[in-house]
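Those sequence lines, one after another, are chains D and H. Per the working numbering: the first sequence = residues 1 to 168. Per the working numbering: the second sequence = residues 169 to 447.
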Amino acid sequence: MCRKTNTTPTGSFFLTESENSLIRATMNTRGLRSQLKDSVPVTGMGPQVGAYGVQDTLRSGFSSVKNELLPSHALELSEKNFQLNQDKMNFSNLRNIQGLHAPLKLQMEYRAARQIQRLPFLQSSHLALDTLKGNDESISFEDILNDPAQSEMMGEPHIMVEYKLGMM
Amino acid sequence: RKMATLSVCQPQLGGFSFENCKRNAVLEAEVTKLGCNVPSARKTGTTICGVVFKDGIVLGADTRATEGMIVADKNCSKIHYISPNIYCCGAGTAADTEMTTQIISSNLELHSLSTSRLPRVATANRMLKQMLFRYQGHIGAALVLGGVDCNGPHLYSIYPHGSTDKLPYVTMGSGSLAAMAVFEDRYKQDMEEEDAKRLVRDAIAAGIFNDLGSGSNIDLCVITKGRVDYLRPHDMANKKGVRTGNYKYKQGTTGVLTKSVIKLDLEVVEETVQTMDTS
């Protein structure tokens with residue numbers, strides 16, 4: 001089945017109101033089994049491999065096979081990948097309903113909005129990204145529990161910036 | 169991310185953190201070896217129920233909260249507000265039902281502000297069901313959700329793993345079988361408000377008197393189009409009795425034989441003045 005790619009008019013970077021509401025309507029719908037193949041594979045908590053394929057002791061500490069292979073809680077793995085899986089399922093639904101252009105446009109906007117942030121060790125508000133994803137109109141455990149602004153540990157600024165730039 | 173990392177490379181995320189689960193498991197094993205008990209969560213071993221009548225919904229709940237074998241709260245409120253036209257009774261772990269209903273209430277308020285319409289019961293049901301399924305039953309909240317919206321009265325029961333049922337009468341909690349027995353016997357379609365209130369009151373009373381996990385008073389909530397009656401308490405089924413005897417002695421019971429007054433001479437040793445810094 002060949003799908004025609006719609007040509008989008010140049011300069012229209014923002015979705016119309018109806019498209020936005022339709023996307024919000026498709027969020028959180030159950031995907032078909034055929035779309036499970038798009039979800040992030042659950043690799044488990046494999047050993048943290050560093051740059052040369054060996055355990056990165058400096059960054060992740062000493063390793064222990066027992067700690068790595070088994071998750072400490074039944075929900076740990078599913079929660080780690082929950083947002084990714086939701087996004088993948090929604091994008092594949094959107095692609096089946098509206099065509100390839102819809103998830104492509106959305107992902108381009110997400111990528112642009114994700115770049116609007118401060119240096120890694122400072123708290124960024126992610127306002128544009130939240131508005132695009134619709135997180136500004138909902139409250140969940142991410143907003144109530146474990147607020148990063150109240151975290152007791154602060155990342156070491158130099159190391160975090162080097163990690164982000166890929167220098168480390 | 170483990171606490172033992174020498175340097176924190178990635179910023180922290182909000183939400184549930186599973187860092188202490190292994191430590192908790194080890195602690196629990198140690199404590200059971202010594203023969204003590206880990207403190208248990210406060211549950212609302214409960215009777216909650218709801219019924220659809222001619223013009224709306226009647227929700228009912230008892231008011232006892234237990235912690236293992238001890239009554240933690242003799243008069244807790246189990247009927248939670250979700251929106252002006254939707255209320256929800258909660259059974260299971262008390263904190264879970266409380267937080268879940270508050271989160272859903274906030275989300276519904278934001279949603280209704282964005283759509284500028286009165287929220288529907290089906291919306292609340294879907295939000296609750298999706299959240300509970302996401303956490304695979306680890307959030308122990310069994311709910312009875314009822315309300316009146318533009319499509320009429322609706323009543324749902326929601327289980328901790330995320331399954332829901334839309335029915336004309338539902339019961340949940342440890343006393344649900346006792347309450348369901350009363351419903352199965354006397355429920356009729358399109359009852360009047362007084363009959364429905366009496367039916368729910370009797371169902372909760374059956375749960376209170378036949379189940380150890382339920383007790384104290386009966387709360388009712390009657391929801392109709394445009395009016396909500398939150399009757400707390402509707403019926404004090406278990407009033408604490410008044411003591412018939414009194415162990416206090418009246419003044420003058422003991423006769424006084426002699427009385428002597430000794431004055432204590434206190435002399436002033438030192439007098440200091442500390443000024444306050446009121447600048």
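Note that the Cβ used here is the ideal one computed from N, Cα and C, for glycine as well. Only a predicted model underlies this, so the values are computations on that prediction, with no experimental measurement involved.
Three-state secondary structure (DSSP) of residue i
i: residue 110 of chain D; result: helix
i: residue 73 of chain D; result: coil
i: residue 340 of chain H; result: strand
i: residue 163 of chain D; result: helix
i: residue 334 of chain H; result: strand
i: residue 242 of chain H; result: coil
i: residue 261 of chain H; result: strand
i: residue 248 of chain H; result: strand
i: residue 286 of chain H; result: coil
i: residue 19 of chain D; result: Legend: pLDDT at residue 19 of chain D = 48, less than 50; position of this residue unreliable, value from coordinates given subsequently. Three-state result, residue 19 of chain D: helix.
i: residue 307 of chain H; result: coil
i: residue 446 of chain H; result: coil
i: residue 144 of chain D; result: helix
i: residue 139 of chain D; result: coil
i: residue 121 of chain D; result: coil
i: residue 25 of chain D; result: Confidence is the limiting factor: at residue 25 of chain D the pLDDT is only 43, short of 50, which leaves the residue's position unreliable and the question unanswerable from this model.
i: residue 80 of chain D; result: helix
i: residue 180 of chain H; result: coil
i: residue 150 of chain D; result: helix
i: residue 353 of chain H; result: helix
i: residue 98 of chain D; result: helix
i: residue 277 of chain H; result: helix
i: residue 358 of chain H; result: coil
i: residue 156 of chain D; result: coil
i: residue 115 of chain D; result: coil
i: residue 3 of chain D; result: Only weak support is given to the placement of residue 3 of chain D: the predicted model assigns it a pLDDT of 45, under 50, and the question is left unresolved by the model.
Residue i - partner residues in DSSP beta bridges
i: residue 321 of chain H; result: H:316
i: residue 272 of chain H; result: BP columns for residue 272 of chain H are empty, so no partner.
i: residue 326 of chain H; result: H:311, H:332
i: residue 255 of chain H; result: H:249, H:314
Residue nearest to residue i in terms of C-alpha spacing, selected from the options
i: residue 382 of chain H; options: H:246, H:420, H:284; result: H:246
i: residue 282 of chain H; options: D:107, D:101, D:135; result: D:135
i: residue 184 of chain H; options: H:419, H:307, H:200; result: H:307
i: residue 304 of chain H; options: H:330, H:280, H:439; result: H:330
i: residue 155 of chain D; options: D:100, D:128, D:112, D:122; result: D:122
i: residue 267 of chain H; options: D:79, D:84, D:144; result: D:144
i: residue 347 of chain H; options: H:404, H:359, H:417, H:377; result: H:377
i: residue 405 of chain H; options: H:234, H:252, H:242; result: H:242
i: residue 135 of chain H; options: D:132, D:130, D:124; result: Residue coverage of chain H in this structure runs from 169 to 447, which leaves residue 135 of chain H outside it and unanswerable.
i: residue 328 of chain H; options: H:204, H:338, H:254, H:298; result: H:298
i: residue 286 of chain H; options: H:188, H:300, H:394, H:310; result: H:394
i: residue 339 of chain H; options: H:256, H:417, H:391; result: H:256
i: residue 139 of chain D; options: H:325, H:343, H:290, H:270; result: H:270
i: residue 225 of chain H; options: H:359, H:434, H:265, H:444; result: H:359
i: residue 357 of chain H; options: H:342, H:368, H:341, H:337; result: H:337
i: residue 133 of chain D; options: D:71, D:70, D:91, D:76; result: D:91
i: residue 216 of chain H; options: H:399, H:335, H:310; result: H:310
i: residue 293 of chain H; options: H:367, H:264, H:280, H:323; result: H:323
i: residue 110 of chain D; options: D:97, D:100, D:94, D:131; result: D:131
i: residue 265 of chain H; options: H:312, H:252, H:412, H:239; result: H:312
i: residue 402 of chain H; options: H:345, H:367, H:445; result: H:367
i: residue 400 of chain H; options: H:296, H:248, H:252, H:302; result: H:248
Cβ of residue i within 8 Å of any chain A Cβ
i: residue 189 of chain H; result: Annotation note: the requested chain A is absent from the structure, which comprises protein chains D and H.
### Task
Would you check if there are 3 or more beta carbon pairs closer than 8 Å linking the region 196-209 of chain H to the region 360-378 of chain H?
Result no; under three Cβ-Cβ pairs closer than 8 Å.
### Query
Are the region 187-198 of chain H and the region 140-151 of chain D in contact at 8 Å, needing three or more beta carbon pairs?
no
### Message
Below 8 Å, how does it come out for the region 348-361 of chain H and the region 312-332 of chain H: are there three or more Cβ pairs, yes or no?
### Response
no
### Query
Which parts of the region 361-442 of chain H are runs of the alpha helix (DSSP H), unbroken and 4 residues or longer, counting only runs that do not cross its ends?
361-378
### Query
Using 8 Å as the Cβ pair cut-off and three pairs as the minimum, do the region 220-240 of chain H and the region 355-367 of chain H touch?
yes
### Task
Evaluate the contact criterion for the region 258-276 of chain H versus the region 111-120 of chain D: three or more CB pairs, one atom per stretch, below 8 Å.
No contact exists between the region 258-276 of chain H and the region 111-120 of chain D.
### Query
At which residue ranges does the region 184-236 of chain H contain complete alpha helix (DSSP H) runs of 4 or more residues, listed in the order of the chain?
189-202
### Message
Taking contact to mean 3 or more Cβ pairs, one atom from each stretch, closer than 8 Å, check whether the region 383-396 of chain H and the region 227-244 of chain H are in contact.
### Response
When Cβ pairs closer than 8 Å are counted between the two stretches, the region 383-396 of chain H is seen to touch the region 227-244 of chain H, the count reaching three or more.
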